[in-house]
DNA sequence: TCAACATTTCAAGAAGTGTAGAAATAATAT
DNA sequence: ATATTATTTCTACACTTCTTGAAATGTTGA
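Chains as they are written, first to last, in full-length UniProt numbering: chain A, 1 to 110; chain B, 1 to 110.
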């Protein structure tokens, strides 16, 4: 992930509704979730607002979409999220690995 | 780091000048850098623009400041950056550790 | 105390972002 | 064909953010 992509990702995640969408999609797993279900989960059902935010996230590369019958199913882009984590980690250790200490330790899933 | 703090951090990092400031400060290490030096490094010297962005970053908890004689010295808040990385990592693995795979691997400094 | 330096605060305008409702598109079922 | 369901696109407006220049604040040295 390069700087422009990271900027876009940060901008996408800096909005409550969008951050919620990403979390919901991450929980949903690789199968993804239809727009309607996402809307219900984040409290923006059937609205143009949802489309707006989903579009923003897709633009930033944090989610992908596919049509499935009547539904449009969104999925978290795990690779992009990982790339963002790497970007931050790199930034934080830049030239001074000793500073970050615990940051360089493995992060495990709880 | 909780959700509101993460939102503020993402918002702070979603701006080119501010992202540059953070990178410069991380490189500078724990001694930090005076506002003037930061301004030169990021191409916003002697401007109120710089203050605006530094204030934004400080508000988000990503940098701290202290007066040193005539200078005001800013330092990267490494703990906050680490907290943000943890937040993202947690989000990404939420309920589905097997999904993230490589994300759960140790991140090392290069 | 006065002058110079480093940085911030203030005020105003331009640009960008988020929200809401109505109309448009796409797929399915009758 | 028509109606129904799912979602997006369009338009307009309120709100926030970024930038700029001028004035104010705090610190040091002569």
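Note that the Cβ used here is the ideal one computed from N, Cα and C, for glycine as well.
Residue i in three-state terms, based on DSSP
i: residue 66 (chain A); result: strand
i: residue 60 (chain B); result: coil
i: residue 45 (chain B); result: coil
i: residue 2 (chain B); result: coil
i: residue 14 (chain A); result: coil
i: residue 110 (chain B); result: For residue 110 (chain B), the predicted model reports a pLDDT of 48, less than 50, meaning its position is unreliable; a value from the coordinates is still stated below. Coil.
Any chain B beta carbon closer than 8 Å to residue i
i: residue 16 (chain A); result: yes
i: residue 71 (chain A); result: no
i: residue 62 (chain A); result: no
i: residue 75 (chain A); result: no
i: residue 5 (chain A); result: no
i: residue 91 (chain A); result: yes
i: residue 54 (chain A); result: no
i: residue 57 (chain A); result: no
i: residue 110 (chain A); result: For residue 110 (chain A), the predicted model reports a pLDDT of 48, less than 50, meaning its position is unreliable; a value from the coordinates is still stated below. It does: the Cβ of residue 110 (chain A) has a partner Cβ on chain B nearer than 8 Å.
Any C-beta of chain A under 8 Å from that of residue i
i: residue 22 (chain B); result: yes
i: residue 11 (chain B); result: yes
i: residue 50 (chain B); result: no
i: residue 2 (chain B); result: no
i: residue 46 (chain B); result: no
Cut-off 6 Å between Cβ atoms - residues of its own chain near residue i, not counting five sequence neighbours on either side
i: residue 71 (chain A); result: 34
i: residue 110 (chain B); result: Because residue 110 (chain B) carries a pLDDT of 48, less than 50, the predicted location of this residue cannot be relied on, and the following value inherits that uncertainty. Excluding sequence neighbours, residue 110 (chain B) sits near nothing in its chain.
i: residue 66 (chain A); result: 73
i: residue 60 (chain A); result: 8, 9, 12
i: residue 6 (chain A); result: 87
i: residue 16 (chain B); result: none
i: residue 41 (chain B); result: 24
Proximal residues to residue i (C-beta, below 7 Å), its chain only, five neighbours per side dropped
i: residue 19 (chain A); result: 13
i: residue 30 (chain B); result: 75
Limits of the beta strand (DSSP E) - the one that residue i falls within
i: residue 76 (chain A); result: 71-76
Boundaries of the alpha helix (DSSP H) in which residue i is found, first to last residue
i: residue 30 (chain B); result: It is not in any alpha helix (DSSP H) - residue 30 (chain B) carries neither H nor E in the DSSP assignment.
Neighbourhood of residue i by C-beta distance below 8 Å, restricted to the same chain and skipping five residues each side
i: residue 63 (chain B); result: 21, 22, 25, 54, 57, 74, 75, 76, 77
i: residue 39 (chain A); result: 45, 46, 47, 50
i: residue 1 (chain A); result: 9, 80, 83, 84, 86, 87
i: residue 68 (chain A); result: 34
i: residue 4 (chain B); result: none
With 7 Å as the C-beta to C-beta threshold (strictly closer), list the residues of the region 25-40 of chain B near chain A in chain order.
Under the 7 Å Cβ criterion, the region 25-40 of chain B contributes 26, 27, 29, 30.
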